[in-house]
Amino acid sequence: MEKQNKVIIPNGGEAVMAKYRDQEVMEYRNNPFIEALPPILSKEEVVDKLAYYPPFNENERNLDSHIRLHLVQRLFQYYQPIFQTLDLESRVSRMIRMGYVHKNPFKPEFAQGLHENYKSILNANIDMYNGNLKSTSSAMTILGPSGIGKSRMINVVLSALPQLIVHSRYKNNDFNMYQLVWLKLDCSFDGNIKGVCIDAYRSLDSLLGTSYYKRFGSARMPIASMQPALSQMLRVHGVGLLVIDEVQSLSVAKSGGAEKMMNFFHYLSNMGTPILLIGTPKALPYLRGDLRQARRGSGQGDMVIERMKKDFNWDLILEGMWDYQWVRKPTALTQEFKDILYDESGGITDIAIKLFVMAQVKAISSGKEQITPALIRKVARENLQLIQPMINAIRSGDIKAISRYEDIAPIDVEGFINQEFSTVSMNNKIKEIQKAKKKQEKNWKENVREQSILKLIELDVEPGKAKKCIDTVIEKQGQEFDIKGIVKEAFKLSINIEESSPKPTKLPKKMELQNKQDLRLIVSEGKANGLSAHEALKEKGIIKVIENDFFSVG
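What the sequence shown shows, in UniProt numbering, is residues 1 to 554, in sequence order.
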């Protein structure tokens, strides 16, 4: 694929510099609007340009769980073109080029059309069938249930085209112009035709740095002037395709009835700008009549997007998606997995991908680290309750049943991931607390052990015996004692060990009595009990109290 020379225009927007290409189709020659477009793509080139496979490395499976929960979200970028994608790209390519055939800025008809349209703005007069235009523009609709992937498909197709092209010189002629290849508008809920015009003004201002909204967006401006003003803007800036999404959101009542809405869409198409309308079956009432005839006459017609069939295209999407497993125990894609995902998603690829993401998130956060058929069923049962009626309606193929679920709540995948992320974060925090507590306990034991051994040595216990006695007491008592208590118990233990040691000869009673009166022993025992030498000797009666000696009776 050739690289485009991108530039930044004065308002800060991004555009590409025009690069003119020779045209094989005779009608497309000598027209800068067409020659500046990218080449017409083959099916293989379309797949190569539109497919997107996010980065993936098997080593990422070894990362911590809270990191992998971020990586799983890459799957939302995954896009695998299928037959309908190729069909839509081809239709859009033809619509844009055929729309430009009679919008050649170097032909007198182009300037004449601008002049006639300008008079309509001044006179607030809309002529739906202006004979001076010789329009070859076309109209097309994409219809399908909410959430089936219509908007994603058109966005991917449009992304292959530059939106804004900067012209400066064409065939030795000065030609300073911004060409807007496509403009996409999203209808707001309960909006009207006037709102569509205002949104278009704002979008043009944002892209081109113009001030159309200030000039024509006033609430006092009549719709009869706003419509030709919009048509004039589309022609002046060489808009190749106008895409209006979510047309079912327009209020028929606020727009003056279904007929006025049909006339508005037909007017834009008839003024030379190809128009692509996207909506749900709810929009059918105002996509009939003359506009439908225009679509048939243009050769583009309607595209109905339904749930996928369980065929090669379905397998193709799942096979491309299945490689992206960040669990530590990846599984192979079996027929059972294909059947379960088709059944639970109703054949809607967007739901299938979200189910796959949520199943991975659950497997990671739970620590099981493996996707199973039962896990996919469980995730679907717990998280798809709100859209289950819509899925059932889509399965049935009943248009009336499908139209009842226009405002069905979307799958809250982000909320699900945040919830599971909180679980993982909490588990990690608990583990960190446990680790810190164990480390603290270890440090406490080491500190207590060292201080206790030193104090025991101060009591004239041999160092080797002191270590042994202290370790025995700590192992037995844990943190139930402080240093003073541990030293006391260890000292007693050292005495018991000494007493239990075999004596070479038995001391006479007199010697035993003398040993009990040994001042060193009395002082040592007193120290172990927290007494000073004076207090210990006094307690044993070695030091007499003066008052008792002098004033005792008998």
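Every residue, glycine too, gets a C-beta built ideally from N, C-alpha and C.
| Query | Result |
| --- | --- |
| Whole-number beta carbon distance between P54 and Y342, since they are thought to touch under 8 Å | Not really, about 23 Å apart at Cβ, beyond 8 Å. |
| G297 versus H266: straight-line alpha-carbon distance, rounded | Interpretation of G297 is limited by its pLDDT of 41, a score under 50 that renders its predicted location unreliable; the figure taken from the coordinates is listed afterwards. Between G297 and H266, the C-alpha separation is close to 13 Å. |
| Integer-rounded CB distance, given that D245 should sit under 8 Å from residue 559 | In the structure displayed, the chain extends from 1 to 554; residue 559 sits before or after that span and is not available. |
| Opening and closing residue of the alpha helix (DSSP H) in which Y178 lies | No alpha helix (DSSP H) holds Y178; the beta strand (DSSP E) holding it covers N173 to L180. |
| Within the UniProt domain "ORC1/DEAH AAA+ ATPase" (136–286), ranges of the beta strand (DSSP E) (whole runs, at least 3 residues) | 139–143, 164–170, 173–180, 182–186, 241–245 and 275–279 |
| Sub-8 Å separation of V448 and I483 beta-carbons | yes |
| Validate contact between the region 307–325 and the region 51–65 using beta carbons, cut 8 Å, 3 pairs | yes |
| Three CB pairs or more closer than 8 Å across the region 25–35 and the region 80–91 | no |
| Length-filtered (4 minimum) alpha helix (DSSP H) runs lying within the region 329–376 | 335–345 and 349–366 |
| Same chain only: Cβ atoms within 6 Å of I351, ignoring 5 sequence neighbours per side | S345 |
| Opening and closing residue of the alpha helix (DSSP H) in which M303 lies | Not the alpha helix (DSSP H): M303 falls in the beta strand (DSSP E), residues D302 to V304. |
| A15, DSSP secondary structure in three states | strand |
| Pair within 8 Å by beta-carbon distance, P38 and L158 | no |
| Those residues which DSSP pairs with I8 across a bridge | E14 |
| Reduced DSSP category for Y100 - H, G, I as helix; E, B as strand; rest coil | helix |
| I317 and Q80 closer than 8 Å at C-beta | yes |
| Candidates V181, R152, K468 and N155: closest to V166 by CA position | V181 |
| Start-to-end residues for the alpha helix (DSSP H) that takes in W322 | F312 to W322 |
| R61 versus S203 - alpha carbon distance | 43 Å |
| Host alpha helix (DSSP H) of Q385 (start-end) | Note, Q385: premise wrong, no alpha helix (DSSP H); not H, not E. |
| For R307 and I340, believed in contact at Cβ under 8 Å, the rounded distance | Incorrect: roughly 16 Å between the Cβ atoms, too far for contact. |
| Chain-order list of residues whose beta-carbon lies under 6 Å from that of S494 (same chain, five-residue window excluded) | V461, K465 and C469 |
| Where Y28 sits in the DSSP three-state scheme | helix |
| Same chain, Cβ closer than 6 Å to A18, five either side skipped, listed in chain order | A36, I165 and H167 |
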